[in-house]
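> Counting with my numbering, you get residues -17 to 840 for the letters of the sequence shown.
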Amino acid sequence: MSTRTSRLELQGMSCANCSGTIEDTLADLDGVESADANYATDEGSVTFDPERVSLSAIYDAVDRAGYSAVAETVTIAIADMSCANCAATIGEAFADTPGVIDADVNYATDEAQVRYNPAETSLDDLYDAVESAGYSPVRKDDDGDDGTDARDAAREGEIRKQLRLTLFGAVLSAPMLLFMADKLLLGGAIVPETVLGIRFGWVEFLLATPVQAVLGWPFYRNSYNALVNNRRANMDVLIALGSSTAYLYSLAVLATLIASEGLYFDTAALILVFITLGNYLEARSKGQAGEALRELLAMEAETATLVDEDGTEREVPLEEVAVGDRMKVRPGEQIPTDGVVVEGQSAVDESMVTGESVPVEKSEGDEVVGSTINENGLLVVEATKVGKDTALQQIVQTVKEAQSRQPEIQNVADRISAYFVPAVIVNAIFWATVWFVAPELLAGLVGWVPLFDLVAGGPAIAGGTVSAFEFAIIVFASSVLIACPCALGLATPAATMVGTTIGAQNGVLFKGGDILERAKDVDTVVFDKTGTLTEGEMELTDVIALDARADGGTGAATAEALDEDAILRLAASAESGSEHPLARAIVAGAEDRGLDVPDPESFENVPGHGIRAVVDGRDVLVGNRKLLDDAGIDPAPAAETMERLEREGKTAMLVAVDGQLAGVVADADTVKEGATEAVAALRERGVDVMMITGDNERTARAVAESVGIDPENVRAEVLPEDKSDAVEAIQSDGRKAMMVGDGVNDAPALAVAHVGTAIGSGTDVAIEAADVTLMRSDPQDVVKAIRISDATLQKIKQNLVWALGYNTAMIPLASLGLLQPVLAAAAMAFSSVSVLTNSLLFRRYVPDRDYRIFGRFR
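Below you can see the structure in the form of structure tokens.
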């Protein structure tokens, strides 16, 4: 057994027991021989068998134990990838590199997302792994640049290189194309067989050899790396075999004079020209597929106007802005970086981030996003996030990571590609042998094709007789060339790349291509109420003082009758220690009435029920019926009032003072604009819509009815810690639920849902736990997320049907000798371009409607 030892930098340990917990957790993993965690140094080590347990599983185990191990993620641009097998080869090279936790290599973007342990490996080690696999990484700049410019330069360089190669090959191949046309169409009436006693075939040899050497070299080099270094056959092997077969056969015929005809130098050259042209078009298409993200980054401000403490203004490059700096933003200018408004008022165009075309009003205390446009007023903004921490950079990074995490359907394509090339070579050898050994057996299969006939023991093409051996060579070359798996390898990542970009442009961020695939299967959407379906900005609506003689069932009369202001003052003071929206509304309502709100002398939050506090020496309770029941106070005298308020969709809270029921206060929340439309659109798609809330049953049902949710689908009075259990219960019968929430208490439910979706205006914890983040607070974006998911999967299936259908139809034609090698090469080259073009057409999709196959919309 070969073991490996990895050193970990641990975070979150606070005592010796923590280190013991980590050690026990890791020791329980199958394949881990020993584990050590040192609380004093925040370091650990683990010895494990990589064949039985991965470093990724070890990191996950540390996370499950409640701690974390330091990891870094890097994006590496990679040149020279030609098919999905190349991506798989590089992925295996990363997997064999100590310290690599996981890696996703994307052939469509020519990039790899690698998460690694910096205590065990370095960025240079990752570059070396790529090079050892036979490919060229784009190295990060020494000045600390993240490599984006280098990647873009490398992509443009690749496009220019492929164009130069195509033009070079086209110039030399053009005369041979004329020779081919004369031979096929005119029977060689124009081109002589000899010139000054020298066979004209030597002219073709002189033209074809530079093409073979220059255009063919990358394919030969990559074939060598694939076969010798990686023991894997890829697309380059097929191309090298096809073109070399035609070239070497022609050279042998020309050198030995074994035949007067049978030269295929033109075929060998044109094969490489067509494939190189296809590579050029493919490189351009890949660049266009990622153009939206590059345009988004290009919109980032380049400079900022800083305002010093003495009022002095100075313009500095964006990278010199630090957290806490104050920036002046004039009308029409971009806000340089994320921040909070400290002076001024204006409308800000945030469409580039949220997809919302209507400018948003901003004033003192409001947060703003970097690179958005200040429309009219003068703003002074204090920077809160800079560099890679800004919302724009985070969006781009999220989309890139999503593009690298491919859906499950890609695994099917990868498995097919892994076995496809060897199967193609075996198929080509088999049919070439059959054509050579017994061509008469196949005569009946191809006799109905006008261009083919059996003449003198071998087929005739366009009237010219060829030998059985020569025709076998043609069949072999055609069969290996037509079956390139490029289109199959591009089908999923190309569509995923466009789909995640469409999401980002519309304010919907998917954390991975796997999430994009998963969202389409959602059959139940579960909304949190406050802050998700409603605005979450509660307002005090009612203060009701109960009859002073209502003694709460204690048998003693109330010593003091409390009027509405007195009840509100005590309730507001008690709630002033809480950050809950209901509490803030009560405090704001009291202040609006001009009441003095003193700080409570003591304060206790009772999760899910209310609060206990001491105000001016008096015991105050504010909360639901259960809170008063537990305190021995009968809430029955307020039952009718509570029911009436709850039927009106208000959240009513009981107020008790010194052990006696005193009154009722009520808050109301307004339903978000678009909530009703979102519920209707989901139900139209056949999706069940449910609501979970900690609010009382009547209020919850009232809100549900107002937005179109069946009251039977409401789960009310659910405690925060029970929300995840409620989602699991919904999914227990096989449902695929999407949980939509915005608060800390929603995070567990978001994590257990089939797809967790966080409202972008919600907390960082909720967003971290979610699979999808909605940059706006519009419930209709939930529908957009499902539509984009469904549309992307339809596009992937279109691409796969094309790629598989193409190979299914063309391989038999080539095997039966019905396809010339030049046509096979051209068809192969353009199959990849067609898949990319089909994906690029998807960029026009707008998710305000369902996507229909073949580009038809509903």
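Idealized CB from N, CA, C, for every residue including glycine.
1) If we call anything under 8 Å between Cβ atoms a contact, is A638 one with L627?
2) If we count Cβ pairs, one from each stretch, closer than 8 Å, do we get three or more for the stretch 673 to 680 versus the stretch 688 to 702?
3) Measure the alpha-carbon distance for D86 versus W199 and round it to whole angstroms.
4) Taking all protein chains shown into account, do 16 or more other C-beta atoms lie within 10 angstroms of the C-beta of A621, making it buried, or fewer, making it exposed?
5) CA-CA distance, G576 and N606?
6) Specify the secondary structure class of A(-5) as computed by DSSP and reduced to three states.
7) Should C(-3) go down as buried or exposed, given a rule of 16 or more other Cβ atoms within 10 Å for buried?
8) Looking at the C-beta of P404, does it have a partner C-beta in chain D at a distance below 8 Å?
9) Going by DSSP, name the residue or residues bridged to R(-11).
10) Rounded to a whole number of angstroms, what is the C-alpha to C-alpha distance between Y231 and M479?
11) In this structure, does DSSP put Q95 in helix, strand or coil?
12) Do three or more CB pairs link the stretch 806 to 824 to the stretch 764 to 771 at distances below 8 Å?
13) Provide the residue span of the alpha helix (DSSP H) that contains P192, from first to last.
14) Take S36 as the anchor and find which of K493, I83 and V311 has the nearest alpha-carbon.
15) Quick one: what's T516 bridged to in DSSP?
16) Do E291 and E325 count as a contact pair if the criterion is CB distance below 8 Å?
17) Pull up the distance between the alpha-carbon of T354 and that of G314, whole angstroms please.
18) Would you tell me roughly how many angstroms separate the C-alpha atoms of V219 and D503, rounded to the nearest one?
19) Roughly how far, in whole angstroms, is the beta-carbon of A190 from the beta-carbon of F247, given that I think they are within contact range, below 8 Å?
20) Taking Cβ positions, are D651 and E517 nearer each other than 8 Å?
21) Per DSSP, Q144 is paired with what?
22) Would you kindly work out how many angstroms separate the C-alpha atoms of D510 and E264, rounded to a whole number?
23) Are the beta-carbon atoms of V303 and A329 separated by less than 8 Å?
24) Would you give the residue range spanned by the alpha helix (DSSP H) that I568 belongs to?
25) Excluding the 5 residues preceding and the 5 following A682 in the sequence, name in chain order all residues of the same chain whose CB lies nearer than 6 Å to its CB.
26) If I follow the unbroken beta strand (DSSP E) through F824, where does it start and stop?
27) Closest by CA to V709, which one among A373, V350, H736 and L223?
28) Could you have a look at I72 and say whether DSSP puts it in helix, strand or coil?
29) So which of A473, I411 and D92 has the shortest CA-CA distance to S816?
30) Just mark G306 as buried or exposed, buried being the case when its beta carbon has 16 or more other beta carbons within 10 Å.
31) Suppose you measure from the CA of V298 to the CA of Q144; what does that come to, to the nearest Å?
32) Starting from N587, follow the beta strand (DSSP E) in both directions and report where the run begins and ends.
33) Report all residues from its chain with a CB closer than 7 Å to the CB of P100; omit the five preceding and five following residues, and keep chain order.
34) Starting from T790, trace the beta strand (DSSP E) in both directions and tell me its first and last residue.
35) By Cβ distance, which residues of its chain are closer than 8 Å to V350, with the 5 residues on each side in sequence left out?
36) Note the first and the last residue of the continuous alpha helix (DSSP H) segment covering K367.
According to the structure data:
1) With a cutoff of 8 Å on beta-carbon distance, A638 and L627 are scored as not near each other.
2) yes
3) 28 Å
4) exposed
5) 26 Å
6) For the record, residue -5 in the displayed sequence is Met; it is not Ala. Coil, per DSSP.
7) Exposed, by the Cβ-count rule.
8) Going by chain labels, chain D is absent from the structure shown, which holds only one protein chain.
9) R(-11) pairs with S27.
10) 42 Å
11) strand
12) no
13) G183 to V196
14) I83
15) Answer is V653, bridged to T516.
16) no
17) 10 Å
18) 39 Å
19) 4 Å
20) yes
21) DSSP output for Q144 lists no bridge partner at all.
22) 45 Å
23) no
24) In this chain, the alpha helix (DSSP H) harbouring I568 covers P563 to D574.
25) T675, V696 and A698
26) F824 -> no beta strand (DSSP E), and no H or E assigned at all.
27) Taking the Cα of V709 as reference, the smallest distance to any Cα among A373, V350, H736 and L223 is reached at H736.
28) helix
29) Across the set A473, I411 and D92, the C-alpha of A473 shows the shortest separation from the C-alpha of S816.
30) exposed
31) Pairing V298 with Q144, the inter-Cα distance amounts to about 40 Å.
32) S584 to V588
33) V52 and E54
34) First-last for T790: Q762 to S797, but that is the alpha helix (DSSP H), not the beta strand (DSSP E).
35) I317, D320, G321, V322, V323, V330, K344, L361 and V363
36) First-last for K367: L361 to K367, but that is the beta strand (DSSP E), not the alpha helix (DSSP H).
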